[in-house]
Amino acid sequence: VMALATTASKIDWYPVTDMAELFRAIAAHHRETDGQVVAALEAVGRAIAETATITFLKILLRLLTPALFVTKAPTFWQRDHQCGELSVVAYDGDGRVMTMQLKDVGGYDYIGPVAPGFILFALSALGCRQPRVTFDFDDANPGPDEITYRFTWE
Numbered sequence: 001v002m003a004l005a006t007t008a009s010k011i012d013w014y015p016v017t018d019m020a021e022l023f024r025a026i027a028a029h030h031r032e033t034d035g036q037v038v039a040a041l042e043a044v045g046r047a048i049a050e051t052a053t054i055t056f057l058k059i060l061l062r063l064l065t066p067a068l069f070v071t072k073a074p075t076f077w078q079r080d081h082q083c084g085e086l087s088v089v090a091y092d093g094d095g096r097v098m099t100m101q102l103k104d105v106g107g108y109d110y111i112g113p114v115a116p117g118f119i120l121f122a123l124s125a126l127g128c129r130q131p132r133v134t135f136d137f138d139d140a141n142p143g144p145d146e147i148t149y150r151f152t153w154e
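Residue numbers (our numbering): 1 to 154.
Rendered as structure tokens:
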């Protein structure tokens with residue numbers, strides 16, 4: 001992990017095995033220090049999204065509404081990730097609720113808590129106030145095949 005961290009580029013693609021190793025190290029650190037494994041990994045997802053969001057995408061996010069975002073979110077995921085499939089299961093714009101599912105990520109340890117960081121970043125960029133997420137995550141099984149998220153905002 002240290003070798004990867006010293007040579008990593010902010011805009012390169014990295015194999016799932018390398019990213020999972022990095023996420024495992026972050027999880028282990030927080031498990032041993034502050035116990036905030038999920039919150040720390042969610043913050044990692046936000047930081048990655050912010051770094052990966054080029055000028056064009058920043059402008060696009062400012063122009064999209066949440067309703068348009070739900071149609072584009074799977075494409076955004078595919079553009080930035082080499083595995084898994086993100087889908088919108090349900091969307092209620094009036095209730096400000098969106099349910100998403102991330103599938104085919106078995107063995108990609110800790111992507112479960114990292115992934116919502118990407119979506120929370122996007123929702124904030126869309127102008128959604130106080131976006132939040134709830135989901136079930138078991139640290140004893142850090143690489144489930146699929147995970148479902150419920151996003152809300154004000």
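All C-beta atoms in this analysis are idealised placements derived from N, C-alpha and C, irrespective of residue type, glycine included.
Identity of the residue in Asn141, Val44 and Tyr149 nearest Arg132 by Cα: Counted from its first residue, the sequence shown places residue 132 at position 132. Put simply, of Asn141, Val44 and Tyr149 the residue whose alpha carbon is nearest the alpha carbon of Arg132 is Tyr149.
What did DSSP end up calling Thr155 once you bin it into helix, strand or coil? In this structure the chain extends from 1 to 154, so residue 155 is not present and cannot be described.
Taking the DSSP output, what are the residues bridged to Thr134? The sequence position of residue 134 within the sequence shown is 134, counting from 1. Paired residues: Arg150.
Below 8 angstroms, can you find three or more Cβ-Cβ pairs linking the segment 51-58 to the segment 108-115? The segment 51-58 is not in contact with the segment 108-115.
Where Leu60 sits in the DSSP three-state scheme: Position 60 of the sequence shown, counted from the start, is the residue given in the question as residue 60. Three-state result, Leu60: helix.
Buried or exposed: which applies to Pro142, given that a residue is buried once 16 or more other Cβ atoms fall within 10 Å of its Cβ? Along the sequence shown, one-based indexing puts residue 142 at 142. Residue environment for Pro142: buried (at least 16 other C-beta atoms within 10 angstroms of its C-beta).
Beta-carbon proximity of Gly35 to Pro66, cut-off 8 angstroms: Translated into the one-based positions of the sequence shown, residue 35 becomes position 35. Translated into the one-based positions of the sequence shown, residue 66 becomes position 66. For Gly35 and Pro66, no; Cβs fall outside 8 angstroms.
Ordered along the chain, which non-local residues of its own chain (more than five positions away) have a Cβ less than 7 angstroms from that of Ile26? Start at 1 with the first residue of the sequence shown, and residue 26 comes out as number 26. Leaving aside the five residues that flank Ile26 on each side, the residues in its chain whose CB is nearer than 7 angstroms to its CB run, in chain order, Ala40, Leu41 and Val44.
Beta-carbon proximity check, Asp145 vs Gly106, cutoff 8 angstroms: Numbered from 1 along the sequence shown, position 145 holds the residue referred to as residue 145. Numbered from 1 along the sequence shown, position 106 holds the residue referred to as residue 106. Closer than 8 angstroms, so yes.
Reduced DSSP secondary structure (H/G/I, E/B, other) of Leu86: For the purposes of this step, residue 86 is taken as the residue at position 86 of the sequence shown. Note: Leu86 maps to strand in three-state DSSP.
Per DSSP, which residues does Val97 bridge with? Please list them. Looking up residue 97 in the sequence shown gives position 97. As a beta-bridge residue in DSSP terms, Val97 pairs with Asp92 and Thr152.
Looking at the structure shown, is Leu102 part of a helix, part of a strand, or coil, going by DSSP? Here residue 102 refers to the residue found at position 102 of the sequence shown. Leu102 falls in the strand class under three-state DSSP.
Identify the continuous alpha helix (DSSP H) that holds Asp109 and give its terminal residues. Position 109 of the sequence shown holds residue 109. Element bounds for Asp109: n/a, residue is neither H nor E.
With DSSP collapsed to three states, give me the class of Thr51. Numbered from 1 along the sequence shown, position 51 holds the residue referred to as residue 51. Of the three classes helix, strand and coil, the one that applies to Thr51 here is helix, per DSSP.
Beta-carbon proximity list for Ser124, same chain, < 8 angstroms, skipping 5 on both sides: By 1-based counting over the sequence shown, the position of residue 124 is 124. Pro131, listed in sequence order.
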